Each structure stands twice: as structure tokens, then as C-alpha cells.
Amino acid sequence: PSVSSPPSPVALPPFFMRGSIIQLADGELKRVEDLKTEDFIQSAEISNELKIDSSTVERIDTGQSPNAVVIQFSVGELKAQVCVEVLVEYPFFVFGQGWSSCCPDRTTQLFELSCAKLCVGDVCVSLTLRSLK
Amino acid sequence: NVEPRSVPVFPWHSLVPFLAPTQSD
């Protein structure tokens with residue numbers, strides 16, 4: 001008997017698929033699975049509009065949609081509280097660790113992207129707008 | 134005619150969640 005997946009509430013972005021080509025801010029091309037923390041930091045340093053921020057996972061709750069979770073982050077030095085609802089397989093990049101998701105098995109199954117388990121206390125790479133003056 | 138497909142290239146920032154700016158007034 002075949003088991004079909006429930007419809008996803010959010011379209012899965014294609015760029016997390018293993019082998020996807022990612023262009024860094026300096027023009028260098030890398031595969032998504034080869035990205036390192038330094039790649040994000042250096043790209044953000046070059047960017048005029050974006051700056052990198054640390055977002056610490058504070059809570060992970062069940063979402064309203066099937067296969068969804070609500071992740072509460074504490075963002076930046078001001079520790080602003082931000083919640084995002086994503087599918088369990090949605091990967092985040094954890095500083096010094098790499099790709100992590102709430103359901104790494106599903107991420108690996110769907111994207112062929114090796115993943116660790118995203119846990120409370122993990123510090124994820126995120127972006128904010130630089131102040132425009 | 135079948136044109137060769139170009140490999141899509143994604144910008145680095147598309148991989149990173151964009152969270153609300155935390156600047157104060």
C-alpha cells in the first residue's frame with residue numbers, strides 16, 4: 001500500500017535540495033551542502049543591505065498545519081522575540097554546526113540534505129536589514 | 134529545438150530566514 005504525504009501548507013523551496021548551486025556575495029558558487037558558517041558571515045559583511053544576526057531557538061511548538069512547527073527565536077542583541085511557522089523539514093543553518101531541522105530524517109528524505117536535529121538553545125544564522133540612513 | 138537548460142543559481146540570502154529588524158526609533 002502506498003502512503004501519500006499530506007499536502008504541504010507551504011511550498012518547499014527548491015534551493016535546499018542537495019546539489020543546488022548557491023552564489024555567495026563575492027560571486028563564488030558553492031553547493032548548498034558545502035556551505036559553512038563563514039560563507040554566511042563573509043557574504044553578510046559584503047552586503048550593503050543585510051547584516052547577519054544570531055537567532056537563538058527559545059521554543060518549538062506544534063504548528064496549526066500538519067507537519068508544521070512554530071519556532072520562537074530570540075533575535076540579536078536586543079533579544080527580540082520572533083515566531084515563525086515552518087514545515088518540520090525546513091532547515092536552518094546553526095552557527096558552527098550546519099543545517100538543522102526539527103525533523104532531520106524528513107529533510108534528508110525530501111532534500112537529500114544531511115541535517116542535525118534543531119533544538120532549543122541552538123543559535124541560527126538569520127538576517128536583518130542594516131539601518132538605512 | 135531543445136535549448137540546453139541552465140542550472141539555476143540561488144543567492145546566498147535566500148537560504149537564511151529574514152527576521153524582523155530589531156532597531157529602535
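Line order of the protein sequences matches chains A and B. The numbering of the first sequence is this note's numbering, which starts it at 1 and goes up by one. The numbering of the second sequence is this note's numbering, which starts it at 134 and goes up by one. Ideal placement from N, C-alpha and C gives every residue a C-beta, glycine not left out. If you're wondering where the values come from, they're calculated on a predicted model, not measured in any experiment.
ask   = Which of helix, strand or coil does DSSP assign to Leu-129/A?
value = Secondary structure at Leu-129/A: strand, using DSSP grouped into helix, strand and coil.
For Met-17/A, the nearest candidate out of Thr-107/A, Arg-59/A, Ser-65/A, Gly-76/A (CA to CA) = Of the listed residues, the one whose Cα sits closest to Met-17/A is Thr-107/A.
ask   = Per the contact definition of three or more C-beta pairs closer than 8 Å, is the region 68 to 82 of chain A in contact with the region 31 to 45 of chain A?
value = Judged by Cβ distances under 8 Å, the region 31 to 45 of chain A makes no contact with the region 68 to 82 of chain A, as fewer than three pairs qualify.
query = Does Ser-139/B come within less than 8 Å of chain A when only Cβ atoms are used?
reply = For Ser-139/B, the answer is no, since every Cβ of chain A falls outside 8 Å of its Cβ.
request  = Taking 8 Å as the cut-off, decide whether the C-beta atoms of Ile-21/A and Phe-143/B are in contact.
outcome  = Between Ile-21/A and Phe-143/B, the CB-CB gap stays under 8 Å.
task = Check whether the Cβ atoms of Glu-49/A and Leu-110/A sit closer than 8 Å, and answer yes or no.
result = Their beta carbons are not under 8 Å apart, which means Glu-49/A does not touch Leu-110/A by this criterion.
ask   = Name the chain B residues that come within less than 9 Å of Val-136/A, Cβ to Cβ?
value = The question about residue 136/A has no answer, for chain A in this structure spans 1 to 133.
message = Please confirm whether Leu-110/A has its beta-carbon closer than 8 Å to some beta-carbon of chain E.
response = Of the chains in the structure shown, none is chain E; the protein chains are A and B.
inquiry  = Please report the distance separating the alpha-carbon of Val-123/A from that of Lys-30/A.
reply    = Each residue's Cα considered, the two are about 23 Å apart.
Cβ neighbour criterion (16 or more within 10 Å) applied to Val-88/A = By the 16-neighbour rule on beta-carbons within 10 angstroms, Val-88/A is buried.
task = Count the other CB atoms, across all protein chains shown, that sit within 10 Å of the CB of Leu-78/A; report buried if there are 16 or more and exposed otherwise.
result = Around the C-beta of Leu-78/A, fewer than 16 other C-beta atoms lie within 10 Å, and the residue is accordingly described as exposed.
task = Would you mind sorting Leu-35/A into buried or exposed? The rule is 16 or more other CB atoms within 10 Å of its CB.
result = The residue is buried, with at least 16 neighbouring Cβ atoms inside 10 Å.
query = Do Leu-118/A and Cys-102/A have their C-beta atoms closer together than 8 Å?
reply = Taking 8 Å as the Cβ cut-off, Leu-118/A and Cys-102/A qualify as a contacting pair.
ask   = How long is the line joining the alpha carbons of Leu-152/B and Ser-139/B, rounded to whole angstroms?
value = Rounded to the nearest angstrom, the two C-alpha atoms are 31 Å apart.
request  = Return the residue from the list Gln-72/A, Ile-52/A, Gln-64/A that minimises the CA-CA distance to Glu-58/A.
outcome  = It is Gln-72/A.
message = Looking at the secondary structure, which residues open and close the beta strand (DSSP E) in which Leu-87/A lies?
response = Run containing Leu-87/A: 80 to 87, per the beta strand (DSSP E) assignment.
ask   = According to the neighbour-count rule (16 or more other Cβ atoms, all chains shown, within 10 Å of its Cβ), is Asp-39/A buried or exposed?
value = With 16 or more other Cβ atoms within 10 Å, it is buried.
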